[in-house]
Amino acid sequence: MAQPAFVPPSSADFFFNPAFGSSFLATKPVLLVMFSVIVIVAFFTISARKAAVVPSRLQFAGEMVYGFVRNSIGKDVIGEEYQRFVPFLFAIFTFVLTNNLFGVVPFMQFPTMSHIGFPVSITIFVYLVYHYVAIKKKGLGPYLKEMCFMPGVPKAVYVILAPVEFLTYFAVRPLTLAMRLFGNMFAGHLLLLLFTLGGEYMLKSALFVKFFAILSFGMAIGLSFFEMGIQALQAYIFTLLAALYIAGALADEH
Amino acid sequence: MKTYLFVKAATATADGPSPVVPKVGEIIVGLIAFSILFLLLKAKAVPAFEKAYAARTSAIEGGIEKAEAAQRAAESALHAYTAQLNEARTEAQEIREEARVQGAAIIEDLRGKAVEEATRISAAARASIEAERQQAIASLRHEVGALATELASKIVGEALDDHVRQSGIVDRFIADLEKSEK
Chain D
1 MAQPAFVPPS SADFFFNPAF GSSFLATKPV LLVMFSVIVI VAFFTISARK
51 AAVVPSRLQF AGEMVYGFVR NSIGKDVIGE EYQRFVPFLF AIFTFVLTNN
101 LFGVVPFMQF PTMSHIGFPV SITIFVYLVY HYVAIKKKGL GPYLKEMCFM
151 PGVPKAVYVI LAPVEFLTYF AVRPLTLAMR LFGNMFAGHL LLLLFTLGGE
201 YMLKSALFVK FFAILSFGMA IGLSFFEMGI QALQAYIFTL LAALYIAGAL
251 ADEH
Chain C
255 MKTYLFVKAA TATADGPSPV VPKVGEIIVG LIAFSILFLL LKAKAVPAFE
305 KAYAARTSAI EGGIEKAEAA QRAAESALHA YTAQLNEART EAQEIREEAR
355 VQGAAIIEDL RGKAVEEATR ISAAARASIE AERQQAIASL RHEVGALATE
405 LASKIVGEAL DDHVRQSGIV DRFIADLEKS EK
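As you go down the protein sequences, you meet chains D and C in turn.
Following my numbering, the numbering of the first sequence begins with 1 at its first residue and continues without gaps.
Following my numbering, the numbering of the second sequence begins with 255 at its first residue and continues without gaps.
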């Protein structure tokens, strides 16, 4: 039984033809993003609808997520002025989490955030928000001065420190924020693909090799759970960093 | 295991498009999708959750307040009862005291009355005894007189009878006797 050689998954596996028509709006990631918005809004609107003092199970579940973002991320990181940033952080967390988890949901099985365009779009919002907040609070001049010339440093060091700090605020932060999320999701999906496709390939091979297919699928399943953890963790980290940047923008001292 | 829901890109080369170069279209879709999500969550979910939180907080605070009020009421009731109890005790004490005083007064009164009665009875007895004595003296005087007269008349004779009776010799005699007794 001659079998063609195994083709390992590549970045090409992340690109899809439109499900219908020819617009990119009909490709899998875009459809999943749209679907995620519907799912999130529906879930939280329904669970929060009654706003009862003694919550139902659904309300409790919604509140748990909301309370986590509100208290553990918003309140603890930003402090006093956290309340006005809660909707923003809540939207980030639910959006990233849902789209990440699509990576392990059967029949979807694609983490939308592995398409870098989506992490970039959220990062643009975070970038705009934290700069806007800082400039509004401190004024553009003092903000840049505080950013580049942090107090308590010998003057000669500013030659190096000022450009580094400037770059951190304007280039490194947004780049790392978007890349971290994208990279994790991309790598995770690739790993799952490898074990799934590998298992599939071995299943078609000789009997002896078929046993290894089971091993491969087992790995894929185990890694799916592992991925779930990473997906939740990345959503948390993304939101936490957004909150940290906002907190830094609000803080008086560097 | 089916990995693809949609058709896999057939046109992609082995390497495919670069995964790190964002597609402008997807960025725009992401911006719009996130904006819609943010606005809807902000408008619908967040206020409702905050409302639930506020309601819960006020319910808890209300409960605490209610408990405090109940405690205050209980304390004031306790104070009132204690005060009433003390008052009742004092009153009982007063009543007992009064009763004792009254009892003593009654006894004193009765004793006085008894003494008075005794005095009265003894005075009456004395008076009656005196009266009886006077009577006895009178009758005795009369009888002794008569006897003496009879005796004397028997001795002296009957002629003297009328004369002696008229002159009161007997009375004088007895008076002399009394004088000599004293």
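Heads up, the beta-carbon is just placed ideally off N, CA and C, and yes, glycines get one too.
- The beta carbon of Asn-100 of chain D is closer than 7 Å to those of Pro-111, Met-113, Met-185, Gln-231, Gln-234, Ala-235 in its chain, skipping five residues each way along the sequence.
- Between Ala-52 of chain D and Pro-119 of chain D, the C-beta spacing is not below 8 Å.
- Along the region 286-310 of chain C, the positions whose C-beta sits under 7 Å from a C-beta of chain D are Ala-287, Phe-288, Ile-290, Leu-291, Phe-292, Leu-294, Leu-295, Lys-296, Lys-298, Ala-299, Val-300, Ala-302, Phe-303, Lys-305, Ala-306, Ala-309, Arg-310, read in chain order.
- For Gly-279 of chain C, the chain D residues whose Cβ falls inside 7 Å of its Cβ are Phe-24, in order along the chain.
- For Ala-299 of chain C, no alpha helix (DSSP H) run applies, since DSSP gives it neither H nor E.
- With 16 or more other Cβ atoms from the protein chains shown falling within 10 Å of its own Cβ, His-189 of chain D counts as buried.
- In the DSSP annotation of this structure, Asn-71 of chain D is not part of any alpha helix (DSSP H), being labelled neither H nor E.
- If the five residues before and after Pro-18 of chain D are omitted, its C-beta is found closer than 6 Å to the C-beta atoms of Ala-26, Thr-27, all from its own chain and listed in chain order.
- Taking 8 Å as the cut-off, the beta carbon of Val-153 of chain D is found closer than this to the beta carbon of Leu-161 of chain D.
- Interface annotation for the region 84-101 of chain D against chain C: Val-86, Pro-87, Phe-88, Phe-90, Ala-91, Ile-92, Thr-94, Phe-95, criterion Cβ-Cβ distance under 9 Å.
- Taking 8 Å as the CB threshold, Glu-227 of chain D stays off the interface with chain C.
- For Ala-243 of chain D, the enclosing alpha helix (DSSP H) covers residues 207-250.
- The beta carbon of Gly-284 of chain C falls within 8 Å of a beta carbon belonging to chain D, placing the residue at that interface.
- At the C-beta level, Pro-273 of chain C and Ser-121 of chain D stay beyond 8 Å of one another.
- Assigned with DSSP and collapsed to three states, Phe-85 of chain D falls in helix.
- Against chain D, the CB of Ala-342 of chain C has no partner CB under 8 Å away; the residue lies outside that interface.
- Counting C-beta pairs closer than 8 Å gives fewer than three between the region 202-212 of chain D and the region 77-88 of chain D, which falls short of the contact rule.
- Approximately 4 Å separates the beta-carbon atoms of Ala-249 of chain D and Val-133 of chain D; this is inside 8 Å, confirming the contact.
- Residues of the region 310-326 of chain C whose Cβ lies closer than 8 Å to any Cβ of chain D, in chain order: Arg-310, Ala-313.
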